[in-house]
Structures are given as C-alpha cells and as structure tokens.
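First to last, the sequence lines map onto chains A and B. Quick note: the first sequence uses this note's numbering, first residue 114, plus one each step. Quick note: the second sequence uses this note's numbering, first residue 114, plus one each step. All C-beta atoms, glycine included, are put in the ideal place defined by N, C-alpha and C. What follows is one structure encoded as structure tokens, with my remarks underneath.
Protein chains: 2
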Amino acid sequence: MKKEVLKEPIYVEEIVDIIRSGLSNEEIKEKLNDYHDNDIAQSLELLNKSERLHLYNILGSEWMSEIISYVEDPDDYIKELGIYKLAEIINEMDADDAVDLLEDIDENVKVKLRSILDEDVQADIRLINSYDDDEIGSLITTNFICIKDNLTIRQAMHELIQQAGENDNIATIYVVDEEDRFCGAIDLKDLIIARAGMALESLISYSYPYLRDHEKISESIEKIKDYAEDSLPVLNSENKIIGILTAQDVIEAVDDELGEDYAKLAGLSAEEDLQESTKDSMKKRLPWLIILLFLGMLVSSVVGVFEDVVAILPIVICFQSLVLDMAGNVGTQSLAVTIRVLMDENLSAKDKLHLTFKEAKVGFSSGLLLGMLALVFLGVYIYLFKGYSLGHAFLISGCVGASLFLAMIISSLVGTLIPLFFNKIKIDPAVASGPLITTVNDLVAVVTYYGLAWILLIEIMHIV
Amino acid sequence: MKKEVLKEPIYVEEIVDIIRSGLSNEEIKEKLNDYHDNDIAQSLELLNKSERLHLYNILGSEWMSEIISYVEDPDDYIKELGIYKLAEIINEMDADDAVDLLEDIDENVKVKLRSILDEDVQADIRLINSYDDDEIGSLITTNFICIKDNLTIRQAMHELIQQAGENDNIATIYVVDEEDRFCGAIDLKDLIIARAGMALESLISYSYPYLRDHEKISESIEKIKDYAEDSLPVLNSENKIIGILTAQDVIEAVDDELGEDYAKLAGLSAEEDLQESTKDSMKKRLPWLIILLFLGMLVSSVVGVFEDVVAILPIVICFQSLVLDMAGNVGTQSLAVTIRVLMDENLSAKDKLHLTFKEAKVGFSSGLLLGMLALVFLGVYIYLFKGYSLGHAFLISGCVGASLFLAMIISSLVGTLIPLFFNKIKIDPAVASGPLITTVNDLVAVVTYYGLAWILLIEIMHIV
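Below you can see the structure in the form of structure tokens.
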C-alpha cells in the first residue's frame, strides 16, 4: 500500500479509480482510508449518480458527513440522497457545517427534516442560527473536548480518550467547574507529557483568553489572530462554553471580512462569485451605480457653472479628466490605507491625528512632484502641438499643475477624514466612504481647476 | 487561584500587577503560568525597562522566546536584552518566528549573532531564508512531530511524548520511511484512541495531502484552505519534509494575500500600516500615480481632438465627468469581481467565457438602466436650467445616455478581459490591470461621448 516514489497529488483520480475498481466494499473502504476527506469530496463530481450512491452506502453516514462538509456546492448530491439518508448525515455533522448545508436547502425539505433530525442536533443548529451573521456565535463549532476541573490527570486522560472519538478539535481541552462555567484550558501537549502524580490544576491556564457569543466578528478578528491559537472558547453571558472558534473558522472569517472590504472598495454591496446570476450581480452593483449617477449629475451641474471658461478657452477641457482622475486616485489610496488601518487597530485620538497628518504630508509631497511633472510636460506639449506661445503654454500647464497640487492635498485629507468620521459614528467606512469621496473629490478638483483657470488665465492674464 | 466570576479579560493589567507585586520569582512564575503568552507579550509595553529585564530573568529564555514571538514590534525590547540573552531567546524560538525577528535587526548585530547562535537554529533560518517570499517554503514552521513508519503503536506513543516537549504542533503526526521520505500522516486523535495491539499502518493516511517547498503561495492558498487542516507537510524535491504549514501560517498568508490585493486595487504597490514613514508610503504610492499621470496626459491629448466640439457646444463638457466616472466605476466593479474569481478558482476556458459573457450582460443591463435615467433626468435639467428647447434638451441628454450605455458595456468587458489576459500571461492581474483599465475606459468614454456629440448633435441635428 506504500508508494515508494511520491508523485504530485493526483489523488482525486486515484480515488475515482478505487471506487470504480470493482473491489469489495471492505477493500474500497480500507483503501479510501488513506485519502484526505477533501480529496474524496472533490472526486464526487467525477462520479455518476449511481457511483455516488454506492459510495454513500459503502462509507456510511458518519464518514460521508465529513466528506460532504468539504463540498462547495452540495445541493446536487443532497438531492440524490433522499431525505432519510440526508438526515442521517446531518445528524453526524459538526453543527456549523450542518447550518451551512441547511442554508441551501428548500424550505419544504427543511420542514420535513426537522421531524427526523436528532433533538440535540436541532438544538445546536437553533443555537448557531440564533446569532446574527456578524456575531462570533454564528461561527462556532460545538465539537470540542470539555472536562471538569476536579479530575486527576489519569481521569482527565481517560475523559479525553472517551471524548476524542466524537470530537476533532482536541489540541486544547477546555475545563469547567461544577456549575459548568468556563474556568480554563489545558494544552493537550501538557497533558500528554504530564506525570500521573501531578495535580491537574497545575496544567490548567486559568486566565485563558475567551470570546463572547455576541461580540462582533469585525471587532474581534484582530484579537483572535493575535492569540494564534488552534481554538478559542466562546462563552455566553453565564460564562458557559457554547462552542469554540477553530483556526479554520478564523481563516474563513478573515477571508470573508477582507473579501467584503475588497468588494466595497470597488463599489459592490457584497462579494460575488462565479456562479452568481446576472440578476444577483446587478443587485449588488446597482445601488452604488445609481447613487454615483446622481452624485455625478451634481458634479455636472457644478461644471456647468464654468461653461463660460470653456467657451472662451476650450483648451482647458483637455486636462479636466487628468485633474479629476488624479484627485480620485489619490483619494482612493488614502481611503484604502485608512480603512485597512481602521480594520487592524483600535486607534486613539492621537493615532488618528497622526494618520491624518501623514496623509496630508503624502498628498502634499505627491502633489508637489506630480504638479511639477505636469507643469513641465504639459507646457512643452501645449507649446509644440497646440500653437500657443511658450509663455501662455506654461501659464496653462502651470494652472493644471497648481490644480493637481491643491486637489491632491485636499483629496488625501478627504480620503482620510471621511472614513474616520464614518467609523466614529459607527457606520461601516468601507461602504459609505466610496461614493462620497468620489463626489467630494470631483467637486474639489472641478472648482479648483476651472476656478484657477478662470481667475489666472482669463481674469488676470487675459491670454485669450 | 480560581476566579469564581469571570470578568471581561483585563488580563494585561492583572499581569502587570503580578509582575509589580513583589512576590518571589517562583510565585510570579507560577501565577503567570495561568496567562496566555500573547497577554504577557501585550503587557510588556506597560512595564518599564528594569521591570522587563526582571521578567526576562524570572521566566527564562524558553518561555520568553514564546512571548517575544507575539510582540508586533519587538525592536525596542530586543535592544534592551543585550546580544547574549537575545541569542539564547532566538535559539529557543520557532525558526519562522526567528526569521521574522531577525528581519528587523541591524546588520552588524546580525553578524555578531551568527557566531553565537546554535548551529541547527542557523541552519533552519538559512533554510527558510533560501526561499523567495512568494514561495511556500518561506512560511514553514520547522517544529513538528515526525516518526518512522515501522514503529508499534506503543513506540509511536512513546516517541510522541518524547517529541511533544519540544514541539507545539502535535495534532498531526508525520510519518517517514527509513530514508526519511514522507509517507503519510497520523491524526493524533486516532493514535490516542487506538488500542495497543493494532498495527500503526492502519492509522497512517498514506495519501495525505502535501505542499512543495517551491510552490507559489498565491497559487496554493485556495487548496490549503480547502483541506482545512491544522497543518500540512511541505516537501522538497527529494520528498523529505522540510517543515509544516500551520493553520496560523495560513491565516497570515490569507491576510497578506488579500491585503495586498486590496492595496493593489487602490493603486498601492504594497500594503501600508500606521507606523510607516511618509517616505515609505510615497514609495508605495508614487509608482502608480506617476504612471497614471502620464496615461492621463494621453487621455488629455485625445480630449484635445474634440476641442472644436466644445468650442461650438460648451454644454457637453458638463457631462464629461459623469460619463467618464460611470465608465470607471463599472470597470472597477468588473475588475474587482474578476480578480476575486481568479484568486479563488482555477478557471477553465468555459468559465472564462461564462464570466466575460456575464459581465457583458451586467454592463448591458446596468448601462441600459442608467442611460435611461440619465436621459430623463438630464433632459429635464437641461430644459429647465440651461435654456434649451425641450427637443434639443433631450437630444443632448440622449447623447449622454447613449454614451453611458455604450461606455458601460465596453468598460465591463475591458474590466474583465484585461485581468484575464494578464492572468494568462502570468502577470499579477491585480497590479497590472488598474492603470490600464482606467486609461482604456477613459479613452473609450471620451471618444464615445464627444464622438456621439459631434456626429449626432452638430453634424446631423445642427442644434447649435
């Protein structure tokens, strides 16, 4: 059964071959035991319906429950199973995986399932569903090892062996008192290397970190990452452990959290995936686009004020897009940095001032540099290609450069202060800041640019 | 020592109180044993230098090495220690933490350290440093349990207890053959509940998933997440385990990967944090801003072609920013969705076609809706406030609406095809797509809008 030379994993194909090999059920089961459940899960889509049903029969509901929890879109496979097999599998699943699975199931199937699922499974599912999606409680795994604090080392080891059969997450053993309140945790490693005569108490970390069930995920995620534990206990208001948060749950939460922010920066109301229908995608994108359209109309009406400038000196319109785009780019950079900083840390007033000041400095320096570049390059361009005198060419490019400089300073400040403000008033800055910043920056850039052109070029220099 | 009622964790302050309590060293050590190393790490900044040095003396280098690995900016504390204590601590650290720590240390201190660090520690550090930052090998932890495949269950358990003292990651036990090549893994849980008479072979998963040291992190991260294991082995070309990737390493990698993509979407060359100097921030932001400036100049010269249109019909400039911004917004949405999809899945040609087609549909439907809205609202606005006749007002707003419609379809396609193209030619689409898409969309929008205005309003309808 051992492979002398390892090839790159092509496990999925090997698994399919084993299932189709015509070996006895026992032999297939033994062979599949060598593979990771995720690889078996990935092989399901290469099998046909009757092969899959055969596999369900061979492996049994406990094993299948592990495999199904690795399937990304289990809908199709679930339908094949029939409601009784499905109930058997859900009964064996970790409660959080069961909740995920049930989300995709039709309401009428769910009603039928409710009458056949085990009572304790239903209770776990109800518990997880009782939390909002943004609360720690919605992420918990109810599958963990828990012992009383008055055991001896030998008894604790015995308890561990008893419970390990049912539970995957054994690296940390949670300890409760007589009234089932959380009182600490034991690192499995310490229990394994402990000598039998020692007191269990000496192994218990009594001030072990924990989470509250109603904590907001977004507010706790940095803390959770900092502890870098395989799992952390989640307590309710009575200090009882309702479940644990595993490193895998944290990976999912980090992924979701960042994915959502990424989506929001691009003006999507939520993350999309490949399979989504056009209609669903539009629902996530249109809200912003419509808001942006009307804000854009607002900007348009301000540009309208400067129609006269353009009528007199049409060349200024050439550089409108340049000034607006650059202001927008700088503003977006400040926004992205501010949102990431807000996500990662609890900022003191001093930090906020520091951040704002730094962004202003970055805007000032970038604006100065880019303004100079624009002055030089556009001046030469206007002189050579637009038929203006050298003096007038550099007056016009100077106007562009100066507007760039001013607009970029203001945009970096706007891109920092608006998310800080939304954060202060407890509105998600990633959602709210985008359209407002685009509009404010556009307005600032338009007024600065056309205003400068009007005053400097037309009123003062009369270059037309 | 037990607390009857748990308060919200204020552990850091409790730890400071214990250190300042004046208790004997042994008592302090025993009390601190109840706390998480991360909490002790966080307490360091509340202590003064002499208290910190006292703590180093009480806890010893092994414990301190654990604590230091939780400190985010260990520079200051390291300097206090002196080179010999620092070397002792690094000798006890996990190799990956030691590498992180050494990154921040002055070159001349590093040279001195090299002569006093243990040879095997130096070898581990050299190994990790030998990998590029984007390779799996750069993330490994060298701290794992490894046993030979020819042991009995009892011998394996004995080995585990021997090695567990030195190693934190014990949930999975890796198995190698006589020539030290990886041949499988044992779930600690299975070993704990196994009966002594069983063959060890029956516990080993021989087809256990693994990673290659030179694999690119960005290409493997989805696979790693899918396996949802506490750790995965990393093999070199000789199939020897050079280290493992723990769930904590994966959390960091996911965080970095998404953070980088988030930064790139905003035109930053890398993620920034709060402490960064203005100079460092500018280094990350300027490359893009300068590229965007010159691309913006390109757009300006194209706008210049339409100077005549504006000179004849100045009202069209009012809506230039509207059309350009909306095209940009739609393009950014398509870009964000495409990059996330590319990150999450290995796309077949069919998937790519599907995605492109869907984005085109979204662009078409959004464009149609927003174009209609612009037609109606802007028509009324122009009629009421700009003094045009009703017919001419709706001709102008129709021109804006039609340009919006066309520009949005093209922008969604551009926002999808450009990242797909960069992905195909193995250039990171998140970096390369941004400026190119902005520019292409601006050009498309400008040409569509002014082109339509010219042909429709001036050449055909002669509305001036």
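In whole angstroms, give me the CA-to-CA distance for residue i and residue j.
i, j, result
"B:Ile354", "B:Leu348", "5 Å"
"A:Ile283", "A:Pro346", "13 Å"
"A:Asp268", "B:Asp233", "The amino acid at residue 268 of chain A is misidentified as Asp; the sequence shows Gln. Approximately 39 Å between the Cα atoms of the pair."
"A:Lys336", "A:Ile180", "31 Å"
"B:Met206", "B:Asp152", "18 Å"
"B:Phe419", "A:Ala360", "58 Å"
"B:Lys116", "A:Met311", "Bear in mind that the predicted position of B:Lys116 carries a pLDDT of just 40, short of 50, making it too unreliable to give a figure here."
"B:Asn170", "B:Glu389", "33 Å"
"A:Asp339", "A:Ile364", "13 Å"
"B:Asp247", "B:Glu220", "23 Å"
"B:Gly173", "B:Ser382", "41 Å"
"B:Val553", "B:Ile538", "19 Å"
"B:Leu387", "A:Lys465", "9 Å"
"B:Phe477", "B:Ile522", "5 Å"
"A:Ala506", "A:Ile568", "16 Å"
"A:Ile540", "A:Phe534", "9 Å"
Which residues in the same chain have their Cβ closer than 8 Å to the Cβ of residue i, if we skip the five residues on either side of it in sequence?
i, result
"B:Asp369", "Glu384"
"B:Gln235", "Arg227"
Using a Cβ-Cβ distance cut-off of 7 Å, determine whether residue i contacts chain B.
i, result
"A:Asp186", "no"
"A:Cys512", "no"
"A:Met395", "yes"
"A:Glu335", "no"
"A:Tyr340", "yes"
"A:Lys471", "yes"
"A:Tyr169", "no"
"A:Ile283", "yes"
"A:Tyr562", "no"
"A:Gly500", "no"
"A:Gln361", "yes"
"A:Asp555", "yes"
"A:Ile306", "yes"
"A:Lys302", "yes"
"A:Ile274", "yes"
"A:Asp245", "no"
Quick one: residues in its chain with C-beta nearer than 6 Å to the C-beta of residue i, no 5 flanking neighbours on either side, listed in chain order?
i, result
"B:Leu437", "Asp555 and Ala558"
"B:Gly514", "Gly484, Ala487 and Leu488"
"B:Glu193", "Lys162"
"A:Leu503", "Tyr496"
My assumption, with CB atoms under 8 Å, is that residue i sits in contact with residue j. Please give the rounded CB distance.
i, j, result
"A:Glu286", "A:Ile306", "For clarity, residue 286 of chain A is Ile in the given sequence; the question names Glu instead. Contact flag wrong, Cβ pair sits at about 14 Å."
"B:Leu324", "B:Ser344", "With a Cβ gap of about 11 Å, B:Leu324 and B:Ser344 do not count as contacting."
"A:Leu517", "A:Met439", "6 Å"
"B:Tyr124", "B:Tyr148", "6 Å"
"A:Leu448", "A:Ser546", "6 Å"
"A:Val222", "A:Lys261", "Actually they do not touch by this definition, with Cβ atoms about 40 Å apart."
"B:Ile330", "B:Ile249", "6 Å"
"B:Val415", "A:Ile430", "B:Val415 to A:Ile430, Cβ: 12 Å. No contact."
Leaving out five residues before and five after residue i in sequence, what residues of the same chain have Cβ atoms less than 7 Å from its Cβ?
i, result
"B:Ile253", "Asp209, Ile241, Val347, Ile355, Gly356, Ile357 and Leu358"
"B:Ser251", "Ile241, Tyr244 and Asp245"
"B:Glu572", "none"
Between residue i and chain A, is the shortest Cβ-Cβ distance under 7 Å, so that the two count as touching?
i, result
"B:Arg267", "no"
"B:Leu387", "yes"
"B:Ile286", "no"
"B:Asn151", "yes"
"B:Val423", "yes"
"B:Lys120", "Here the model assigns B:Lys120 a pLDDT of 46, short of 50, so the residue's position is not dependable and the matter cannot be decided."
"B:Val416", "yes"
"B:Ile364", "yes"
Output, in sequence order along the chain, the residues in the region 313–327 of chain A whose CB is closer than 9 Å to any CB in chain B. Glu314, Ser315, Ile317, Ser318, Tyr319, Ser320, Tyr321, Pro322, Tyr323 and Arg325
So if I threshold CB-CB distances at 8 Å, which residues from the region 427–438 of chain B count as touching chain A? Pro427, Ile428, Ile430, Cys431, Phe432, Gln433, Ser434, Leu435, Leu437 and Asp438
Chain A contacts from the region 475–495 of chain B (Cβ-Cβ distance under 8 Å): Val475, Ser478, Ser479, Leu482, Leu483, Leu486, Ala487, Phe490, Leu491 and Tyr494
Below 8 Å between beta carbons is the criterion; list the residues of the region 521–552 of chain B that meet it against any residue of chain A, in chain order. Thr551
If contact means a Cβ-Cβ distance below 9 Å, which residues of the region 399–414 of chain B contact chain A? Leu399, Trp401, Leu402, Ile403, Leu405, Leu406, Phe407, Leu408, Gly409, Met410, Val412, Ser413 and Ser414
Please name the residues in the region 369–382 of chain A whose beta-carbon is closer than 7 Å to at least one beta-carbon of chain B, in chain order. Leu371, Gly372, Asp374, Tyr375, Ala376, Leu378, Ala379, Gly380 and Leu381
What are the residues of the region 442–454 of chain B that lie near chain A, defined by any Cβ-Cβ distance shorter than 8 Å? Asn442, Val443, Thr445, Gln446, Leu448, Ala449, Val450, Arg453 and Val454
Which of the residues in the region 191–211 of chain B, read from start to end, lie with their CB under 8 Å from any CB of chain A? none
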